[in-house]
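Enquirer:
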Amino acid sequence: MVKVKLVNVTKRFGEVIAVNKVSLEVREGELFTFLGPSGCGKTTTLRLIAGFYKPDEGEIYFDDELVNDIPPYKRNTGMVFQNYALWPHMNVFDNIAYGLKLRNMPPPQIIKKVKEVIELIGLKGKESRFPSQLSGGEQQRVALARALVIQPKVLLLDEPLSNLDAKLRLKMRSEIRRLQKRLGITTIYVTHDQEEALSISDRIAVMNKGEVLQIGTPLEIYEKPKDIFIADFIGTTNFIPCVVKEVDANNKKMEIGIEDTTLIINEYLDGVSIGDELICAIRPESIELYEPDKLSKDVPRLLGKISLVTFLGKTIRLDIETDGGNEIKVDLTRKVGQRLPKEGERVAIVINPDTIRVFKKR
Amino acid sequence: MALFTKKFRLIEDKTFFSISLVINALLIVFILAPIAVLIVKAFITAKGISLDNFSIFWSNNYYRESLYATLMAAFFTVITTSLIGIPLAYIMVRYEFPLKSFFSILILVPLVMPPFVGALGLYKILGYSGVVNILLVKYLGIIDRPINLLYGEMLLFQLDEYNKFYLPYGIVLINTLHLYPLMYLNCAAALANIDPSMEEQAENLGARGFYLFRTVTFPLMRPGWLAGSVIVFIWTFSDLGTPLIVHYYKMLPVIVFFKLSEITAGKPSPISYVIGFIMAIVAFTVLFLSRKYVSLRRYVMLFAGGRVIKRVSRPGGLKLLLVYAFLIILSLSALSPHIGLTLLAFSRRWVLTLFPESFTFEYFQKVTPWAAPYILNSLIYAGVAALIDVVMGAFIAYLISRKVIQGQSLIDFIATLPLAVPGIVFALGYWALFYKVPLLDPMRYTPIILTISYSMRRLPYTVRAAYAGMLQIDESLEEASINLGATRLKTFKSITLPLLIMSLFAGGILSFINAMIEVSTTFMLVMTDKWAPATWFLYFRALQDPINGLPMASSLGFIFVVVIAIALTIVNKVLGARMGTVFRL
Chain A
0 MVKVKLVNVT KRFGEVIAVN KVSLEVREGE LFTFLGPSGC GKTTTLRLIA GFYKPDEGEI
60 YFDDELVNDI PPYKRNTGMV FQNYALWPHM NVFDNIAYGL KLRNMPPPQI IKKVKEVIEL
120 IGLKGKESRF PSQLSGGEQQ RVALARALVI QPKVLLLDEP LSNLDAKLRL KMRSEIRRLQ
180 KRLGITTIYV THDQEEALSI SDRIAVMNKG EVLQIGTPLE IYEKPKDIFI ADFIGTTNFI
240 PCVVKEVDAN NKKMEIGIED TTLIINEYLD GVSIGDELIC AIRPESIELY EPDKLSKDVP
300 RLLGKISLVT FLGKTIRLDI ETDGGNEIKV DLTRKVGQRL PKEGERVAIV INPDTIRVFK
360 KR
Chain B
0 MALFTKKFRL IEDKTFFSIS LVINALLIVF ILAPIAVLIV KAFITAKGIS LDNFSIFWSN
60 NYYRESLYAT LMAAFFTVIT TSLIGIPLAY IMVRYEFPLK SFFSILILVP LVMPPFVGAL
120 GLYKILGYSG VVNILLVKYL GIIDRPINLL YGEMLLFQLD EYNKFYLPYG IVLINTLHLY
180 PLMYLNCAAA LANIDPSMEE QAENLGARGF YLFRTVTFPL MRPGWLAGSV IVFIWTFSDL
240 GTPLIVHYYK MLPVIVFFKL SEITAGKPSP ISYVIGFIMA IVAFTVLFLS RKYVSLRRYV
300 MLFAGGRVIK RVSRPGGLKL LLVYAFLIIL SLSALSPHIG LTLLAFSRRW VLTLFPESFT
360 FEYFQKVTPW AAPYILNSLI YAGVAALIDV VMGAFIAYLI SRKVIQGQSL IDFIATLPLA
420 VPGIVFALGY WALFYKVPLL DPMRYTPIIL TISYSMRRLP YTVRAAYAGM LQIDESLEEA
480 SINLGATRLK TFKSITLPLL IMSLFAGGIL SFINAMIEVS TTFMLVMTDK WAPATWFLYF
540 RALQDPINGL PMASSLGFIF VVVIAIALTI VNKVLGARMG TVFRL
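From first to last, the protein sequence lines are chains A and B. Just so you know, numbering that gives the first Met the number 0 puts 198 at position 199 of the first sequence, and the rest follows in order with no gaps. Just so you know, numbering that gives the first Met the number 0 puts 483 at position 484 of the second sequence, and the rest follows in order with no gaps.
1. Can you check the region 205-292 of chain A for any beta strand (DSSP E) of at least 3 residues that lies completely inside it and give the ranges in chain order?
2. Return the first residue and the last residue of the alpha helix (DSSP H) that Leu176/B is part of.
3. Taking buried to mean at least 16 other C-beta atoms within 10 Å of its own C-beta, is Leu45/A buried or exposed?
4. Which residue spans inside the region 94-168 of chain B form an unbroken alpha helix (DSSP H) run of at least 4?
5. What does DSSP give as the partner residues of Ile305/A in its beta bridges?
6. Using C-beta distances below 8 Å, list every residue in its chain close to Thr354/A, excluding the 5 sequence neighbours before and after it, in chain order.
7. Flag Leu219/B as yes if its beta-carbon sits less than 8 Å from any beta-carbon of chain A, otherwise no.
8. Between the alpha carbons of Ile595/B and Ile508/B, how many angstroms are there, rounded?
9. Give the interface partners of Leu101/A over in chain B, defined as CB-CB distance under 8 Å, in chain order.
10. Please report the distance separating the alpha-carbon of Ile423/B from that of Met89/A.
11. Is it the case that the Cβ atoms of Leu339/A and Ile315/A are separated by a distance below 8 Å?
12. Return the first residue and the last residue of the alpha helix (DSSP H) that Gly428/B is part of.
13. Quick one: using the 10 Å Cβ neighbour count with 16 as the cut-off for buried, is Ala371/B buried or exposed?
14. Distance check for Leu160/A and Gln81/A, CA to CA, integer angstroms please.
15. Measure the beta-carbon distance from Gly275/B to Val255/B and round it to whole angstroms, keeping in mind my assumption that it falls under 8 Å.
16. In terms of residues, what are the limits of the beta strand (DSSP E) holding Val322/B?
17. What are the start and end residues of each continuous alpha helix (DSSP H) run of 4 or more residues lying completely inside the region 82-156 of chain A, in chain order?
18. Can you give the Cα-Cα distance for Val6/A and Lys208/A, rounded to whole angstroms?
19. Which of helix, strand or coil does DSSP assign to Tyr62/B?
20. Taking Phe51/A as the query, report the chain B residues whose CB atoms sit under 7 Å from its CB, ordered along the chain.
21. Going along chain A in order, which residues have a C-beta closer than 7 Å to the C-beta of Val215/B?
22. With a threshold of 8 Å, are at least 3 pairs of Cβ atoms found where one atom belongs to the region 67-78 of chain B and the other to the region 163-180 of chain B?
23. Should Ser312/B be flagged as near chain A, meaning a C-beta pair shorter than 8 Å?
24. How big is the Cα-Cα spacing for Asp93/A and Arg140/A?
25. Nearest to Asp269/A by CA position, among Leu262/A, Lys251/A, Cys279/A, Glu137/A, is which residue?
26. Sorted by chain position, which residues of the same chain lie with C-beta nearer than 8 Å to Thr359/B's C-beta, five sequence neighbours on each side aside?
27. Around the C-beta of Ile348/A, are 16 or more other C-beta atoms found within 10 angstroms, so that it is buried, or is it exposed?
28. Mark Trp530/B as exposed unless 16 or more other C-beta atoms lie within 10 angstroms of its C-beta, in which case mark it buried.
29. Could you tell me the alpha carbon to alpha carbon distance between Leu149/B and Thr175/B, rounded to whole angstroms?
30. Using the C-alpha atoms, what's the distance from Lys334/A back to Gly312/A?
31. Buried or exposed for Asn132/B, going by 16 or more other Cβ atoms inside 10 Å?
32. Could you give the DSSP three-state label for Leu476/B: helix, strand or coil?
33. With three or more beta-carbon pairs closer than 8 Å as the criterion, would you say the region 165-181 of chain A touches the region 7-16 of chain A?
34. Are the Cβ atoms of Met71/B and Tyr165/B separated by less than 8 Å?
35. Specify the secondary structure class of Met78/A as computed by DSSP and reduced to three states.
36. Could you confirm whether any beta carbon from chain A is found closer than 8 Å to the beta carbon of Ser289/B?
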């Protein structure tokens, strides 16, 4: 197992800067995810690590070894491509054994190794099938097995689940996670699916326009997004304008006004002063709704009217138009037998101040 | 939905149904039946059905050696064209280098030269008194007697005294120069289609260089290579023009051609039919094996999204030098028939010298008025044949791609057959079936049967071009029209045809070109001057002129080359990147 270190790595394609001064460290044995929208540079970064591209600037290290000039076929990384890249002219066994043959392993040992890994991924009995005779999930497993069997220093997964249907995706997701933990292999995972990233990763690097915006555990990324882009990209977020009413620089607290309500929040931005207009980000699930006349007078609230009710099964998504003219989405967990709110109903909106993040206007 | 449309089509479309019946009938009468009759005739002897004809064939050393030589020529041409075509495809698809687009045109130059004309052009380069021999004997003194590199044969191996395998290397040489572009186009298309991640994955696992090519790249481009091999094999195997021009007669098509007098005299000609049968069987086997192999392994690329990053590199240093050396030598070789032909056509005196001593238009002036009526014949036959192909091709492509009626796979099969069936087999079948039949007898109604044979032989070109065009027309465009109340025929006329017209036009021109240069069926079906086309005139009249035969035939060949070059340029303009598809199997 190795750790992977990127120092100021930059990659340009002509005029376009695909990866811009990326520095990060992937720790031994962890599952590290590059998350971002398409074109953000995450796959390019992965391919830089695999060696398919050379960085224009910066260094890439496996442990303490500089690998910039090591060609892909000598890096000993195991990569799983988005489309699996299974060779259609080889059966499952030959696909998986390919890397071992290149390592000059004696045939009996190859057979043993391939057998082990086929059992590990649960494809026993399908050794002589050709890729076209496998289902999407099985193809995925073969691709994974082929990458794992060479005992790579790093496992590289490029959107490995994007071609599977929703149910299978969930299943493979937990399987990959379990396998990775069990083998303890350093893994770099690329996805544009934030839910996938949150659920599978030890740590996540959120990327946009070639830059790493934030690195952190899923919880940190979700609860404390550093950037308005991340708050927007990860999960659903309400962005509502607010005004600074009081600043407590010592305790890192602020008092903000949203519409005609005032809230004290555990947030502080450098250089803000009273009267500044900010954006506050509020998760739909951190909002509670009450009937206006049943809420005690001293609880800060916004008032509004339900404009749309969307039943999602476990939760109910409400779109609320506030009296101040903002649109707020609220997720409610519905208890069995509970009635659905009605469109047009008036509600009092109570926001948990600890969950509010504020950002400067762009 | 699918069920509904199928029913709808069968019940509602009587017009289309009858059109498909007519097309089926034409295909059966003019493609399937002649081949079937030929096969039957191979087994008919004086005492009924037996294998006697085959034992006559087999017991004759000359026939057997001809079979071996024909097979060897075809086999070795596949090897030589592969040795050129595969590296060439790799270079042109995977490398970027200065002058690439220039070379990409130059290496396709053989396509504008009918092979028997190319053989003429090589007379003065590789023949007895050709440039190479003059260089070797007169200037370099390496050998003391000239060798005929065009006619040449060599003994490959012998099973015993009576089973000798000769390789007619002159024919291999000429066909290699002519056919390598077809191999290259097929391989290049297959190579360009390989998903880059396939090779990246192999690199990721540690493969590189030739190992990578051998284990991943080449297996993935094998379908294209096989397709190219089939075309090259069948072409060489059934080529009549080249052996005739270089006077190498130990080839199966030549034997059939020389035995034609038996048939025209109304005598039974069992050996002709046996040879026709063997040629058909070999061609079918090759085609069948290649298809089988390709489909068995399911070479369909499992492409499911992901980004395509082309694997193109810029070679430098020694590699670049080798690339240029390869391309320059190849281009020069490929151009040599053209150069030879041009020099022959325009030179006044060219005897035992490296280059002609003076130039003249004399032969053009002589041959043009003489050849004019024959050229006109060619234009008419090829034109009408191309027109028939365009109409039939449009309907067949429509029937196949839109699955209008059941049994479209049969139509597809029959319409593809002419790609594999040697022209000799076709012509023999026509003799067997239409001899003394009113309006179709080759003896008396040469123009009709010749035009029909041209159109059937070249039908796959328009079918393919139209089919490629059909694939780009979304079926919903037609369904929208039908939904608004148009019949299928009306829809075909007002929606499909206008969108298809350019593809059809290109396919038609290709049919036209190939009908113009068709040798084997022409030589087999034309008996007299009266209705003869230009190819026939070139060989039987111009070339046979005792004094000016070679330069006059070359002048005529030169005209051919110019016409084809113009036609192909038009096709290229129309089809653009899809150009390659029509040369593929």
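For each residue, glycine too, the CB sits at the ideal point set by N, CA and C.
Expert: Reading off the structure:
1. 210-215, 237-247, 252-257, 260-264, 276-281, 286-289
2. 168-191
3. buried
4. 99-105, 114-125, 130-133
5. Ile319/A
6. Glu222, Ile281, Arg282, Ser285
7. yes
8. Here chain B has residues from 0 to 584 only, and residue 595/B is not among them.
9. Leu204, Gly205, Ala206, Tyr210
10. 40 Å
11. yes
12. 422-433
13. exposed
14. 8 Å
15. 6 Å
16. No beta strand (DSSP E) holds Val322/B; the alpha helix (DSSP H) holding it covers 316-345.
17. 91-101, 106-119, 135-147
18. 18 Å
19. helix
20. Glu199
21. Trp86
22. yes
23. no
24. 14 Å
25. Lys251/A
26. Phe345, Ser346, Arg347
27. buried
28. buried
29. 12 Å
30. 11 Å
31. buried
32. helix
33. no
34. yes
35. strand
36. no
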